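Protein chains in written order, with the numbering used here: chain Z, 1 to 191; chain A, 1 to 191. Every residue, glycine too, gets a C-beta built ideally from N, C-alpha and C. It should be emphasised that the depicted structure is a prediction, and the values quoted were computed from it without experimental measurement. Working notes, beginning with the structure itself.
Number of protein chains: 2
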Amino acid sequence: MKHDPLLKHLRKYISLSLGEENLLLPYLQVQSVKKKEHILTEGNVCSANYFIAKGCFRMYVHTDQGTEQIVQFAIDNWWITDYNSLDFQKPSLFNIQAVEDSEIIFIKSETREELFAKLPQLERYFRIILQRAFAASIMRIQYIFNQSGEERYRHFSTSFPDFVQRVPQYMLASYLGFTPEFLSKIRGKKE
Amino acid sequence: MKHDPLLKHLRKYISLSLGEENLLLPYLQVQSVKKKEHILTEGNVCSANYFIAKGCFRMYVHTDQGTEQIVQFAIDNWWITDYNSLDFQKPSLFNIQAVEDSEIIFIKSETREELFAKLPQLERYFRIILQRAFAASIMRIQYIFNQSGEERYRHFSTSFPDFVQRVPQYMLASYLGFTPEFLSKIRGKKE
DNA sequence: CGCGACGTTGATTTGCCTCAACGATTGTGG
DNA sequence: CCACAATCGTTGAGGCAAATCAACGTCGCG
């Protein structure tokens, strides 16, 4: 079934009866997204919570200098959403684009509140997910400030060796906060 | 009443009956914290969700270079917690210290689950709070990468003019990711 | 096959750090 | 309540990590 990756993920954090799962299903939409397609572009309101069943996305901004700055990646079994835009229904600064051909499952913002009302356990699920996401972003800030570019790269690529294979180097450089040239020089060095 | 600041904050996001509020009260602990006192020190498990009724705290790490790096500030009506430590009950990397004499209200981790079970609306409250916190930290990462130190300082101090008065400059410099000397030079410049 | 996207390499520049020395302010014990 | 120490902020000289710019190699795809 198309929704299985999400249901499986939900079950790690909360338990839903069969009836409850059936109640959930009509609120879920499924979609295939081709590499380079956008599911959110800046200036538009983020209209859903996106769960990645399979694939990879990046969230980025256009900087004043005319470059693209990646602020987040998300892969299989992660959520990606601009909560600033979703919560307040205001235009997003960000773009969300598929890095690979992907499958997503999403909850539209119009039906989100209704769904939470019917299945309060989802509040709990998202609370837990968000605790982790928030903690991770605090850790990331800490690494940004305390490590050099090279240290950050080495730490990240030993922590996620499979992931670094999956995205082009210039995206990795952007996510880690330096230039593609600099990444190339690090890799050119010993080892 | 000692708990009022928290109740008032809760009411902005969820509505609780009088009965529900009374159910909540026994789970809340209140404490005064003197300037420079710690409510969490690295190596220990973060044992509560802390709400700041009044005052100011900083969360920081000791870096490899022997300096202190501030990763978060929190003032009146904000929560501060190391969720990595709280969730997994493992030792924290971080320290949380009062920057001013403060009043806090907290929920101990031992009773947190029990409280959520009794008042599921709190799951919703924290979900919303965490969405905002997560969105804010993504915005912060974006600023770190796209703006120079000077731009970051000017942006931050025009956004929070009252706050920059409240903390010593070396803490502000640490939070913004540069040295106190550099901040001093920025301020020494025109205007 | 040819073009555009991606990666590499080197020369030069720059934003910010480091170190050091010196005022100003705060707070504490005699 | 004053004196002195510690803490905090300022200023300048010199250095370094990473950016910028430019030129060139390579691969995948239409």
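Excluding five sequence positions before and after F178 of chain A, the CB atoms of its chain that fall closer than 7 Å to its own CB belong to G149, given in chain order. Here Y60 of chain A is bridged, per DSSP, to A:I70 and A:N95. Taking a contact as a CB-CB distance under 8 Å, the pair Y125 of chain Z and L10 of chain Z counts as one, their CB atoms being some 6 Å apart. Counted as a single uninterrupted DSSP element, the stretch harbouring L25 of chain Z is not any beta strand (DSSP E), since DSSP gives it neither H nor E. Cβ-Cβ distances below 6 Å link L28 of chain A to H3 and I105 in the same chain, with the five nearest sequence neighbours on each side left out; the list follows chain order. Of all residues in the region 163-183 of chain A, only G177 place a beta-carbon less than 8 Å from a beta-carbon of chain Z.
For the set Z:I75, Z:G19 and Z:Y50, the Cα lying nearest the Cα of D162 of chain Z is the one of Z:I75. By the criterion of at least three beta-carbon pairs nearer than 8 Å, the region 42-56 of chain A is in contact with the region 83-90 of chain A.
Residues of chain A with a Cβ closer than 8 Å to the Cβ of V61 of chain Z are, in chain order, Q142 and N146.
In the three-state reduction of the DSSP assignment, F88 of chain Z falls in the helix class, which pools H, G and I.
Look at the region 20-48 of chain Z: it has no residue with a C-beta under 8 Å from a C-beta of chain A. For N146 of chain A, the three-state secondary structure derived from DSSP is helix. Residues of chain Z with a Cβ closer than 7 Å to the Cβ of I138 of chain A are, in chain order, V71, Q72 and S137.
For S102 of chain Z, the enclosing beta strand (DSSP E) starts and ends at S102 to K108. The Cβ-Cβ distance between F134 of chain Z and E123 of chain Z does not fall below 7 Å. The region 53-63 of chain Z makes no contact with the region 11-24 of chain Z, as fewer than three CB pairs between them are under 8 Å.
At a cut-off of 7 Å between beta carbons, L130 of chain Z contacts chain A. For H62 of chain A and E42 of chain A, the gap between their C-alpha atoms comes out near 9 Å. With contacts defined by Cβ atoms closer than 7 Å, K35 of chain A and E100 of chain A form a contacting pair.
For N49 of chain A, the beta-bridge partners assigned by DSSP are A:I107. L40 of chain Z is bridged by DSSP to Z:I96.
Only buried fits T81 of chain Z, as 16 or more other CB atoms lie within 10 angstroms of its CB.
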